[in-house]
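Visitor:
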Amino acid sequence: SSMSNTFTFLNAGILISIFLNAWLMEIVPLKTQLRFGFLLMVLAVAGLMFSHSLALFSAAMFILGVVSGITMSIGTFLVTQMYEGRQRGSRLLFTDSFFSMAGMIFPMIAAFLLARSIEWYWVYACIGLVYVAIFILTFGCEFPALGKHAPKTDAPVEKEKWGIGVLFLSVAALCYILGQLGFISWVPEYAKGLGMSLNDAGTLVSNFWMSYMVGMWAFSFILRFFDLQRILTVLAGLAAILMYVFNTGTPAHMAWSILALGFFSSAIYTTIITLGSQQTKVPSPKLVNFVLTCGTIGTMLTFVVTGPIVEHSGPQAALLTANGLYAVVFVMCFLLGFVSRHRQHNTLTSH
Numbered sequence: 063s064s065m066s067n068t069f070t071f072l073n074a075g076i077l078i079s080i081f082l083n084a085w086l087m088e089i090v091p092l093k094t095q096l097r098f099g100f101l102l103m104v105l106a107v108a109g110l111m112f113s114h115s116l117a118l119f120s121a122a123m124f125i126l127g128v129v130s131g132i133t134m135s136i137g138t139f140l141v142t143q144m145y146e147g148r149q150r151g152s153r154l155l156f157t158d159s160f161f162s163m164a165g166m167i168f169p170m171i172a173a174f175l176l177a178r179s180i181e182w183y184w185v186y187a188c189i190g191l192v193y194v195a196i197f198i199l200t201f202g203c204e205f206p207a208l209g210k211h212a213p214k215t216d217a218p219v220e221k222e223k224w225g226i227g228v229l230f231l232s233v234a235a236l237c238y239i240l241g242q243l244g245f246i247s248w249v250p251e252y253a254k255g256l257g258m259s260l261n262d263a264g265t266l267v268s269n270f271w272m273s274y275m276v277g278m279w280a281f282s283f284i285l286r287f288f289d290l291q292r293i294l295t296v297l298a299g300l301a302a303i304l305m306y307v308f309n310t311g312t313p314a315h316m317a318w319s320i321l322a323l324g325f326f327s328s329a330i331y332t333t334i335i336t337l338g339s340q341q342t343k344v345p346s347p348k349l350v351n352f353v354l355t356c357g358t359i360g361t362m363l364t365f366v367v368t369g370p371i372v373e374h375s376g377p378q379a380a381l382l383t384a385n386g387l388y389a390v391v392f393v394m395c396f397l398l399g400f401v402s403r404h405r406q407h408n409t410l411t412s413h
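Positions in the sequence shown are counted from 1; adding 62 to them yields the working numbering.
Next comes the structure, spelled out in structure tokens:
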């Protein structure tokens, strides 16, 4: 329990930095933030390597979270700034697939190191190498200037209202991440209860993430040909149905239904963020970070919500709750169709 609490510090760091970065992006230049992130990363990895107390370990985890949040919000905003319309969705998906790739690669590195009796903290040093690459890139790249650093124009800056579509998308982002993590966290427990071996139950989870990553690559091509709100509604509906099939099916069918679920749900979160960024004519860092913050709140709530449900009613109840949350995502995406502004903004930018 005290170990899982330290990971709450990681999530808290991510949440706080994404939330604050909505304002900080307009005050502190993006390049400066990434370089500062590099220093924080060095500090956090040093803290993990040399600290022998849980308090220091938690503090290092919190700093790692802050660095992750800064990088994630800047990366997402840069893609929304650089690409328009349907192109934006497919590019965001492609960059996001590397996030999933890291989720597969680093556990393998960890297993490799631990099998050779190398200290666990070297995994974090390996993660730090990724940040070294980001740090080096800040020297050769130009970043957009925002807020008071932006080039002055004579035209008055018009304040754009976000509209109710942003509310629907934010609720969808929160429910999607909470549903996804609530589901995947309790799949092994549920599968064991059905008589599966621990190894097979673990394979279900890794198959889900593998198929999720393949789905991201596939959809980064497919999305260009469809209206984003319509395909999002179809995918959210399919994901809710496939999760229901998994939750009520036999162990024989579980492997197939979880593969299909991973594939068809892979584009949902990124498309929610893309549509969020298209609710205003000019992508707003506050708006993009607001939707990201709602998704991160979903991460924070995963065990707060599902823990008591599992305690009282068992793992299947948690999976059915996750299914209910996916149904909410579908409803939100459907309602978005009546109010979304992405079509009018896309028409404006394509002329």
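Note that beta-carbon positions come from the ideal geometry of N, C-alpha and C, so glycine has one too.
#1: In this structure, how does DSSP classify Arg286 when only helix, strand and coil are distinguished?
#2: Cα separation between Ser79 and Thr355?
#3: What's the call for Ile334, buried or exposed, on a 16-neighbour Cβ count within 10 Å?
#4: Pick helix, strand or coil for Leu337, following the three-state DSSP scheme.
#5: Is it true that the CB of Phe139 sits closer than 9 Å to the CB of Met87?
#6: Identify which residue in Ala84, Val372, Gly127, Gly137 has its Cα closest to the Cα of Arg153.
#7: Quick check on Asn73: buried or exposed, where buried means 16 or more other Cβ atoms within 10 Å of its Cβ?
#8: Could you please give the first and the last residue of the uninterrupted alpha helix (DSSP H) stretch that includes Ser162?
#9: Identify whether Gly127 lies in helix, strand or coil by the three-state DSSP scheme.
#10: Measuring alpha carbon to alpha carbon, tell me which of Leu116, Cys188, Arg148 ends up nearest Phe283.
#11: Would you check if the distance between the CB atom of Gly244 and the CB atom of Ala380 is smaller than 9 Å?
#12: Thinking C-beta only, is Val249 closer than 9 Å to Leu266?
#13: Decide if His413 is buried, meaning its Cβ has at least 16 other Cβ atoms within 10 Å, or exposed.
#14: If Ile371 and Leu236 are in contact, beta carbons under 8 Å, what's the gap, nearest whole angstrom?
#15: Since Cys395 contacts Ala280 with CB under 8 Å, what's their CB separation in whole angstroms?
#16: Looking only at its own chain, which residues have a Cβ that is under 6 Å from the Cβ of Gly75, when we skip the five neighbours before and after it?
#17: Would you call His404 buried or exposed, if buried means 16 or more other Cβ atoms sit within 10 Å of its Cβ?
#18: Please classify Lys343: does DSSP put it in a helix, a strand, or coil?
#19: Relative to the alpha-carbon of Leu116, which residue among Ile330, Phe71, Pro91, Gly99 has its alpha-carbon at the smallest distance?
#20: Measure the alpha-carbon distance for Leu300 versus Phe326 and round it to whole angstroms.
#21: Please list the terminal residues of the continuous alpha helix (DSSP H) segment that includes Trp184.
#22: Go ahead and pull the three-state DSSP assignment for Cys356.
#23: Considering only residues of the same chain and omitting the five flanking positions on each side of Thr332, which have a CB-CB separation below 6 Å?
#24: Helix, strand or coil, according to DSSP, for Trp224 in the structure here?
#25: Considering only the beta carbon of each residue, do Gly109 and Leu118 sit closer than 9 Å?
#26: Could you check where the alpha helix (DSSP H) with Ala106 kicks off and where it finishes?
#27: Express the C-alpha separation of Gly357 and Gly338 in angstroms, rounding to a whole number.
#28: Mind checking Met134: buried by the 16 CB within 10 Å criterion, or exposed?
#29: Can you name, in chain order, every residue of its own chain whose Cβ lies under 6 Å from the Cβ of Leu294, other than the five neighbours on each side?
#30: Within the same chain, show all residues whose beta-carbon is closer than 7 Å to that of Leu304, passing over the 5 residues directly before and after it, in chain order.
#31: To which residues of the same chain is Leu229 closer than 6 Å at the C-beta, ignoring the five residues directly before and after it?
Guide: On the basis of the coordinates in this document:
#1: Arg286: helix per DSSP, three-state reduction.
#2: Distance from the CA atom of Ser79 to the CA atom of Thr355, rounded to whole angstroms, is 9 Å.
#3: With 16 or more neighbouring CB atoms inside 10 Å of its own CB, Ile334 falls in the buried class.
#4: Of the three classes helix, strand and coil, the one that applies to Leu337 here is helix, per DSSP.
#5: Against a cut-off of 9 Å, the Cβ pair of Phe139 and Met87 comes out as a contact.
#6: Residue Gly137 is the option with its Cα nearest to Arg153.
#7: The residue in question, Asn73, is buried, as its Cβ has 16 or more Cβ neighbours within 10 Å.
#8: Per DSSP, Ser162 belongs to the alpha helix (DSSP H) from 147-177.
#9: DSSP places Gly127 in helix when its eight states are reduced to three.
#10: For Phe283, the nearest C-alpha among the options comes from Arg148.
#11: The Cβ atoms of Gly244 and Ala380 lie closer than 9 Å to each other.
#12: In this structure, Val249 lies closer than 9 Å to Leu266 by Cβ.
#13: In this prediction, His413 scores a pLDDT of 41, lower than 50, which makes its location untrustworthy; no coordinate-derived value is stated.
#14: With a Cβ gap of about 17 Å, Ile371 and Leu236 do not count as contacting.
#15: By a beta-carbon distance limit of 8 Å, Cys395 does not contact Ala280. Their separation comes to about 20 Å.
#16: Spatial neighbours of Gly75 in its own chain (CB-CB distance under 6 Å, excluding positions within 5 residues in sequence) are listed in chain order as Phe124, Gly127, Val128.
#17: His404 should be labelled buried.
#18: In the displayed model, Lys343 falls within coil according to three-state DSSP, outside both helix and strand.
#19: Of Ile330, Phe71, Pro91, Gly99, the residue nearest in Cα terms is Phe71.
#20: One Cα belongs to Leu300, the other to Phe326, and the distance between them is close to 7 Å.
#21: Residues 184-199.
#22: Three-state DSSP puts Cys356 in a helix.
#23: Spatial neighbours of Thr332 in its own chain (CB-CB distance under 6 Å, excluding positions within 5 residues in sequence) are listed in chain order as Leu154, Leu155, Asp158.
#24: DSSP places Trp224 in the coil class of the three-state scheme, outside both helix and strand.
#25: Against a cut-off of 9 Å, the Cβ pair of Leu118 and Gly109 comes out as a contact.
#26: Counting along the chain, the alpha helix (DSSP H) containing Ala106 begins and ends at 92-112.
#27: CA-CA distance, Gly338 to Gly357, rounds to 12 Å.
#28: With 16 or more Cβ atoms within 10 Å of its Cβ, Met134 is classed as buried.
#29: Excluding residues within five positions, the ones whose Cβ falls inside 6 Å are Thr333, Cys395.
#30: Hits under 7 Å: Ser319, Ala322, Leu323, Phe326.
#31: Nothing listed; no residue qualifies.
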